[in-house]
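K.L.:
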Amino acid sequence: MSKIKNKCALFGMVGLLTSLLATPSWAELKVGLVLDSAGKDDKSFNSTAYDGMKRAEKELGIVAKTVEAPDPSSYETLQRAFADKKFDLIIAIGFLQLDAVKKNAARYPDQKFLLIDSDAQMPNVRSVMFEEQEGSYLVGALAAMHSKTGKIGFMGGMDVPLIRRFQLGYEAGAKKINPKIEILINYLGVTAEAWSNTPKAKELALAQYNRGADVIFVAAGNSGMGVFDAAEAQNKLAIGVDSNQDGIKPGHILTSMLKRGDEVVFDSIKLLKEGKLTPGLFRYGVKTKGVDYSVDSFNAKLVSADDRKKLEELRAGIISGKISVPDYYVIQKKK
Amino acid sequence: MSRWSAFQTSLLHPTVRSFIKSVLGSILGLILGLIICKFAGESPFHILKILYTSCFGSGYDFGMTLFCTAPLILTGLAVAIPLRAGLFNIGAEGQLTLGAIAVASSSVVWPSLTSHPALQWLAIPFAATLGFLAGGLWGAIPGVLKAKRGSHEVITTIMLNFIAAGISAYLAIYVLKDPESTQAQTVFLPEFFHLKPFTIFNGAPMGHLIWITLLGVVLFHLWITKSAWGYKLRAVGENELAAETYGISKQRSWMSSMFIGGGVAGLVGVVEVLGNSHRFKMGFSADYGFVGIAVALLARGNILGILPSAFLFGMLQKGSGSLDLETEKITRELSYLIQGLIILGVASEGLWEILSTHLKTRVLKGAKRKNG
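Going line by line, the protein sequences match chains A and B.
Heads up: the first sequence begins at 1 in the numbering used here, then just goes up one per residue.
Heads up: the second sequence begins at 1001 in the numbering used here, then just goes up one per residue.
1) For N1302/B and A1080/B, I'd like the C-alpha separation in whole angstroms.
2) When you compare the CB positions of V1236/B and A1243/B, do they come within less than 8 angstroms of one another, or not?
3) Under the assumption that F1280/B contacts V1270/B (Cβ atoms under 8 angstroms), give the Cβ distance between them as a whole number of angstroms.
4) For R1119/B and L1195/B, what's the separation of their Cα atoms in angstroms?
5) Give the interface partners of Q1183/B over in chain A, defined as CB-CB distance under 9 angstroms, in chain order.
6) Could one say the Cβ of E68/A lies closer than 8 angstroms to chain B's Cβ atoms, at least one of them?
7) Terminal residues of the continuous alpha helix (DSSP H) containing M1064/B?
8) What residues of chain A sit near M1206/B, judged by a beta carbon separation below 8 angstroms?
9) Would you report the Cα separation of N1089/B and R55/A, rounded to the nearest angstrom?
10) Is the Cβ of T1053/B closer than 8 angstroms to any Cβ of chain A?
11) DSSP three-state call for Q121/A: helix, strand or coil?
12) On a CA-only basis, which of L1241/B, G1283/B, E1093/B is nearest G1289/B? Give me that one, please.
13) Taking the beta strand (DSSP E) that I253/A belongs to, which residues open and close that run?
14) What's the gap between the Cα of A192/A and the Cα of I1293/B?
15) Does chain A have any CB closer than 8 angstroms to the CB of C1037/B?
16) With DSSP run on the structure shown, which of helix, strand or coil describes S25/A?
17) Buried or exposed: where does K1250/B fall if 16 or more other Cβ atoms within 10 Å of its Cβ makes it buried?
18) Where does the unbroken beta strand (DSSP E) through G290/A begin, and where does it stop?
19) With a 10 Å radius around its C-beta and 16 neighbouring C-beta atoms as the bar for buried, classify N104/A as buried or exposed.
20) Assign I185/A to one of three DSSP states: helix, strand, or coil.
21) Rounded to the nearest angstrom, what separates T1245/B and W1223/B at their Cα positions?
22) Whole angstroms are fine: how far does the CA of S324/A sit from the CA of V330/A?
23) Which of the three DSSP states is assigned to V325/A in this structure?
24) Considering only residues of the same chain and omitting the five flanking positions on each side of V1346/B, which have a CB-CB separation below 6 angstroms?
25) For G1131/B, which residues of its own chain have a beta-carbon under 6 angstroms away from its beta-carbon, when the five flanking residues on both sides are left out?
26) My output table needs one value for E1180/B: the three-state DSSP class, helix, strand or coil.
27) Return the residue from the list K1360/B, L1083/B, L1312/B that minimises the CA-CA distance to H1013/B.
28) Go ahead and pull the three-state DSSP assignment for A1003/B.
29) Count the C-beta pairs between the region 1303-1311 of chain B and the region 1169-1178 of chain B that are closer than 8 angstroms, then say yes if the count reaches three, no if not.
30) With C-beta atoms as the reference, is W253/A less than 8 angstroms away from V286/A?
31) Per DSSP, K1281/B is paired with what?
32) What did DSSP end up calling E68/A once you bin it into helix, strand or coil?
33) Any Cβ of chain B within less than 8 angstroms of the Cβ of L168/A?
34) Give every residue of the same chain whose Cβ lies closer than 6 angstroms to the Cβ of M1/A, excluding the five residues on either side of it in the sequence, and list them in chain order.
35) Going by Cα to Cα distance, which pick from Y187/A, G212/A, N210/A, A231/A is closest to G221/A?
36) Which residues of chain A have a Cβ atom closer than 7 angstroms to the Cβ of G1283/B, listed in chain order?
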């Protein structure tokens, strides 16, 4: 009897050991994504990150878990929860999570983090920033090429430095094409509501169109839908932001200033799988197409081959350094 | 009188009755929420377990729950105190925003603190006073408008919320801006402004402040229920005409209750700025000012009742992220749903009236039978 017991115990031990040894080789990578409070349906930046995560789950066979932070105090808690569950990589979206990532990266020095839209400067964090001003420069140039009235508009969400960065690049791009162009500027508000205030965005867009603007670039998260509605109602043009929004009102959205959060999330997870994910600050501009303008079946008729040729020349100019695009972050620090 | 009927009679006492209403309302809301979870395909027990672990699971979790609760206690007070004087303060969000930016500006307002180490023990009380005054003065504006001009406080407080957001954004971006950062936040406060958290909370930003908050609630309770000033407030709130007939100035009650309510809301800045981020960040508040309305309503304006009420909402706020994280199908919205259902449960006066009339007739019948 005791022999059998021993044998059982032995088998059990062997089984346990093999499973323990085997685990690392075929264990799936676990990646946690913490979205900021705008959530995965913001049809904008959080959406692109979520798309990248979905793609990685399908193509790379990882275990993916996404959470939407309900409020600013929960960033730290959610990241910690992933770290305690021993996730291989924690992805934090949005500059609002910077302080939480810094704290947690110090608390969990062996945990890998990816922070998008800000620079954590920690040895276990890969920080990714987009050169929004470069992409905005290109769409600003395109807007100026398509303006018959010599007036274009800009609509920002909340008046924060990030959106000023879009505005500054846009203005510079437009002035490159038409130095005399007039640019109407509106910001939607001073509270977080500015990212989801569709009716106000529509009213302000109508006002801008009535004042003679015929293209409006909107960088305001979900509020952008209001501008697209106004563009359709007035038969004018609008420019989308972050994700490809060309298909929302086909024929009225000239292009979208893409911020490829999806590519960054997907590439980082791929690098993680290959064991090549390194910490440090990585900047994505027009060179790596981390920011770009969109051309697809919805706007192919609007953006001619000539336009694209000019835009590619500008892109080459930015990459070679012949064109310097003003960066609000740099200007602001100098002040 | 038997013990049972004595118990039944005690249920008719208004404080006890409103307490029971609140508890039953919360339970009703929670049950409805759990039924919805069941339909969504998650076991209600699993949900309860997640909520429990998210609150008491570790020192950190409990500390974070308290960190979510403390601002709600303060904004609950900010709504409840004017409520006792008959005013509905929707402006706690604006008052706390200005309070927070005032607290964050204290190192700039009094720069010699940094150069004189002997004065540094004054830093925290000074910052707290600034926060209280900023919130209080912002709250006093609708109080004065109501007293002098008869402007409805609901309208003015809502409008002042937006103005406060605008002022704080301007200050954070242009005047007090942190030169090291590209974001809309103010300068980092020096070390001697920081409140030390308890080590037992393992990183959650909550320390002795929680005792001070609890003590504050008790003091406010005594002030409202025992002092002459508090009596005047309540008299105006119950019946302003009767109060005026007896020579109590309703104007003074309105202005003072709005000043104190606003000031208490301004102290949220102490919790957030001195305790947590050590600077003002735009959009730091998880709608504390608005959830504070729900906290005060669930407590039915009772000052001590704000403690359990704020804790319940703090727990749900802390738990909403965990629900998203630990389940496949439930998202953070469920927690908002439960909060809404609780308010609905407490607010469904008709239901409670039917229940209490039923109870009353039974008690009366019992008494009649005894006497007859």
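All residues carry an ideal CB built from backbone N, CA and C; glycine is no exception.
Here the structure is a predicted model, which means the values were calculated and not measured.
P.N.:
Put simply:
1) 7 angstroms
2) yes
3) Not confirmed; about 12 angstroms, so no contact.
4) Checking the displayed sequence, the identity of residue 1119/B turns out to be Leu instead of Arg. Straight-line Cα distance between these residues: approximately 16 angstroms.
5) F95, L96, L98, S118, V160, P161, L162
6) yes
7) 1059-1084
8) The contacting residues do not exist; M1206/B stays about 11 angstroms from chain A at best.
9) 48 angstroms
10) no
11) coil
12) E1093/B
13) 253-259
14) 20 angstroms
15) no
16) A caution first: S25/A carries a pLDDT of 41, below 50, which makes its placement in the model too unreliable to give a value.
17) buried
18) Here G290/A belongs to no beta strand (DSSP E), and DSSP marks it neither H nor E.
19) buried
20) strand
21) 23 angstroms
22) 12 angstroms
23) coil
24) S1022, G1025, L1298
25) G1099, A1102, V1103, G1266, L1267, G1269, V1270
26) coil
27) K1360/B
28) This sequence places Arg at residue 1003/B; Ala is not what is there. R1003/B: helix per DSSP, three-state reduction.
29) no
30) First, the residue type needs correcting, since residue 253/A is Ile and not Trp in the sequence shown. No; because the gap between Cβ atoms is not below 8 angstroms, this pair is not in contact.
31) Q1185/B
32) strand
33) no
34) With a pLDDT of 47 at M1/A, under the threshold of 50, the modelled position of this residue cannot be trusted; read the value that follows with caution. Once the five neighbours on either side are set aside, M1/A has no close Cβ partner at all.
35) Y187/A
36) P72, A192
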